[in-house]
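Visitor:
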Amino acid sequence: MVKIDNIELPDFPLLLAPMEDVSDPPFRALCKEQGADVVYTEFVSSEGLIRNAAKSVMKLDIYEKERPVGIQIFGANLDSMLQTIDIVEKSNPDIIDINFGCPVKKVVSKGAGAGILKDVCLMEKLTAEMVKRTNIPITVKTRLGWDHDSIRIVEVAERLQDVGCKAIAIHGRTRAQMYKGSADWKPIAAVKNNPRMHIPVFGNGDVDSPEKAMEMRDSYGLDGAMIGRASIGNPWFFKQVKHFFNTGEYLAPISLEERVEAARLHLQMAIDWKGETLGVFETRRHYTNYFKGIPHFKEYRTKMVTSDRPEDVFAAFDEVLEVFSDYQFAE
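With the numbering used here applied, the sequence shown covers 51 to 381.
1) Three-state secondary structure (DSSP) at glutamine 133?
2) Using only CA atoms, which one of Pro76, Arg78, Ala86 lies nearest to aspartate 61?
3) From valine 170 to valine 310, what does the alpha carbon distance come to, in whole angstroms?
4) When you compare the CB positions of serine 159 and isoleucine 123, do they come within less than 9 Å of one another, or not?
5) Put glutamine 290 into one of helix, strand or coil per three-state DSSP.
6) Since lysine 353 is in the beta strand (DSSP E), which residue starts that stretch and which ends it?
7) Please return the same chain residues whose Cβ sits closer than 7 Å to the Cβ of phenylalanine 287, not counting the five positions on each side in sequence.
8) I need the boundaries of the beta strand (DSSP E) containing arginine 193, first residue and last residue.
9) If you compare alpha carbons, which of Arg209, Leu194, Met228, Pro260 is closest to lysine 236?
10) My understanding is that tyrosine 350 touches valine 370, with C-beta atoms under 8 Å, so please give their C-beta distance in whole angstroms.
11) I want to know whether the stretch 126 to 144 touches the stretch 204 to 216 - three or more CB-CB distances under 8 Å.
12) Going by beta carbon distance, what residues of the same chain come within less than 6 Å of isoleucine 148, once the five residues before and after it are set aside?
13) Pick out whichever of His221, Glu174, Gly120, Val241 has its Cα sitting closest to the Cα of alanine 275.
14) Between the Cα of threonine 184 and the Cα atoms of Ala162, Val204, Asp197, Met131, which residue gives the shortest distance?
15) Roughly how many whole angstroms lie between the Cα atoms of lysine 353 and isoleucine 344?
16) Tell me whether arginine 267, by its Cβ, gets closer than 8 Å to a heavy atom of the ligand FMN.
17) As a quick exercise: from Val88, Glu83, Pro76, pick the residue whose alpha carbon is nearest that of isoleucine 57.
18) What does phenylalanine 124 pair with, by DSSP beta-bridge criteria?
19) Taking its Cβ as the centre, do 16 or more other Cβ atoms sit within 10 Å of glutamate 116, making it buried, or is it exposed?
20) Express the C-alpha separation of isoleucine 166 and glycine 98 in angstroms, rounding to a whole number.
21) Starting from tyrosine 337, trace the alpha helix (DSSP H) in both directions and tell me its first and last residue.
22) Can you give the Cα-Cα distance for alanine 320 and proline 76, rounded to whole angstroms?
23) With asparagine 284 and alanine 67 assumed to form a contact (beta carbons below 8 Å), what rounded beta-carbon distance in angstroms separates them?
24) Mapping the DSSP letters down to three states, classify aspartate 322 as helix, strand or coil.
25) Does lysine 53 come out as helix, strand or coil in the three-state DSSP assignment?
26) Are the Cβ atoms of glycine 271 and lysine 292 separated by less than 9 Å?
27) Closest to methionine 247 by C-alpha separation, out of Ala313, Gly329, Leu210, would be which residue?
28) For methionine 228, which of helix, strand or coil comes out of DSSP?
29) On the DSSP letters alone, give me the boundaries of the beta strand (DSSP E) that aspartate 362 sits inside.
30) What are the uninterrupted segments assigned as beta strand (DSSP E) that are 3 or more residues long and contained completely in the stretch 248 to 315, given in chain order?
31) If the criterion is Cβ atoms closer than 9 Å, does the pair valine 72 and arginine 335 meet it?
32) Let me check one thing: in DSSP terms, what residues is isoleucine 146 bridge-paired to?
33) Look at valine 257 and isoleucine 218 and say whether their C-beta atoms are less than 9 Å apart.
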């Protein structure tokens, strides 16, 4: 069993990573249903929250069926981050996660996200003060370092733990790498193997198959895996990994009917939550993966990602069921 403060999780839990415009309530619900043990919101701007920006406030919507659920926030100003804690507490999340890892320029340029990796002392201070501000467990998601020459993740993790961080998720790349090259899990294992570490250490980056998840568990000894891109349009990934762990075999391919049903449900929940325009637009990125592998699919994918009216997208799903009814997904 793995524990984040008093939150009890199964052995080697699978966590849905916070992803902008992806990890919204509809998608979190699908992933939870398919075996995700912890889900995180999209990251929320502290500056946006304290200014009551509609998009930031909307990201605080969480639902009982998601628990345990973490709200992730980012920022570099202590006063703003503390005010954010007070606002976030009203949503009653199980976890508040600090984003010290986002590599995107518009975040980094403000000293937030991975930008704070240049100032470990500030990173430590922000974490310490936020821990003091709330009784909700504070966790951190970060990267190995700013660049290859500044990797101090063993020291950084220890310092964050010592000021009260309850768990740490580490992406196996530096900020300089962005999402290029391969994630390096060895420094994450070094954090876990530090005899002074006693909080859970979760690995993130390139866990895109059940075998990779097993390698992270068995070869690197980490406490769990945080899943990001592999889950987009594939909420079954969590179930597939768990089945592989339990049986040593692959889960049977997800049928066309299941994929269409998930896409329908996803779109409908998105519309119910954020309205027709945004619901249709922000669900598009999932369709390529929902129907990945089907030959001669371009015509139908184009309809799904260019239609602005929900009824046209739902009609495209109906067409797919009819036209490809005999298609069998490969193992």
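Note that the Cβ used here is the ideal one computed from N, Cα and C, for glycine as well. Small disclaimer: the values here were computed from a predicted structure and weren't measured.
Guide: Put simply:
1) It is helical.
2) Ala86
3) Spanning the alpha carbons of valine 170 and valine 310 requires a straight line of approximately 46 Å.
4) no
5) Per DSSP, reduced to three states, the secondary structure at glutamine 290 is helical.
6) Counting along the chain, lysine 353 falls outside any beta strand (DSSP E), though it belongs to the alpha helix (DSSP H) covering 348 to 356.
7) Ile277, Ala280, Ser281
8) 188 to 193
9) For lysine 236, the nearest C-alpha among the options comes from Leu194.
10) 5 Å
11) Contact between the stretch 126 to 144 and the stretch 204 to 216 is absent: fewer than 3 CB-CB pairs across the two stretches fall below 8 Å.
12) Val190
13) His221
14) Answer by Cα proximity: Met131.
15) 15 Å
16) Annotation note on the ligand FMN: not contained in the displayed structure, which lists no ligands.
17) Val88
18) Per DSSP, the beta bridge partners of phenylalanine 124 are Ser95.
19) Burial call: buried.
20) 18 Å
21) 337 to 340
22) 6 Å
23) Between alanine 67 and asparagine 284 the Cβ distance is about 13 Å, and since that is not below 8 Å, they are no contact.
24) In the structure shown, aspartate 322 sits in a helix (DSSP, three-state: H, G or I).
25) strand
26) At least 9 Å separates the beta-carbon of glycine 271 from that of lysine 292.
27) Leu210
28) coil
29) Looking at the DSSP string, aspartate 362 is not in any beta strand (DSSP E); the run it does join, the alpha helix (DSSP H), is 360 to 373.
30) Secondary structure remark: continuous beta strand (DSSP E) runs of at least 3 residues inside the stretch 248 to 315, in chain order: 251 to 254, 274 to 277.
31) Judged by beta-carbon spacing, arginine 335 lies within the 9 Å limit of valine 72, meaning their Cβ atoms are closer than that value.
32) Ile121, Ile188
33) no
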